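Undergrad:
Residue numbers (the UniProt record's numbering): 1 to 72.
(1) Just the Cα atoms here: how many angstroms apart are residue 24 and residue 50?
(2) Are residue 39 and residue 29 closer than 8 Å when you measure CB to CB?
(3) Going by beta-carbon coordinates alone, are residue 46 and residue 58 separated by less than 8 Å?
(4) For residue 35, which residues in the same chain have their Cβ closer than 6 Å to its Cβ, ignoring the five residues on either side in sequence?
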């Protein structure tokens with residue numbers, strides 16, 4: 001029997017997010033003088049052009065690619 005797929009919009013957790021990594025991401029995206037403007041511009045564009053499900057898919061794809069390219 002195949003496992004039931006986990007929808008991107010559902011409440012089930014499929015990844016564990018480290019709180020310190022999340023805090024650093026928040027700082028980088030909101031307070032860092034160099035990174036924040038770039039990150040905010042991409043966020044605003046994604047939020048304007050993509051559905052919530054598409055943004056969730058993008059987040060998972062970005063995480064997957066980051067995991068595959070560790071050390072680059």
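Every residue, glycine too, gets a C-beta built ideally from N, C-alpha and C. This structure is a prediction, so every number in the text was calculated from the model and none was measured.
TA: Judging by the given coordinates:
(1) Position 24 of the chain shown holds residue 24. Position 50 of the chain shown holds residue 50. Taking the straight line joining both Cα atoms gives about 25 Å.
(2) Within the chain shown, the letter at position 39 stands for residue 39. Within the chain shown, the letter at position 29 stands for residue 29. Yes. Within cutoff.
(3) Within the chain shown, residue 46 is the residue found at index 46, counting from 1. Within the chain shown, residue 58 is the residue found at index 58, counting from 1. Yes; because the gap between Cβ atoms is below 8 Å, this pair is in contact.
(4) As a first step, residue 35 is located in the chain shown; it is residue number 35 there, counting from the start. Cβ neighbours of residue 35 beyond the five flanking positions: 28.
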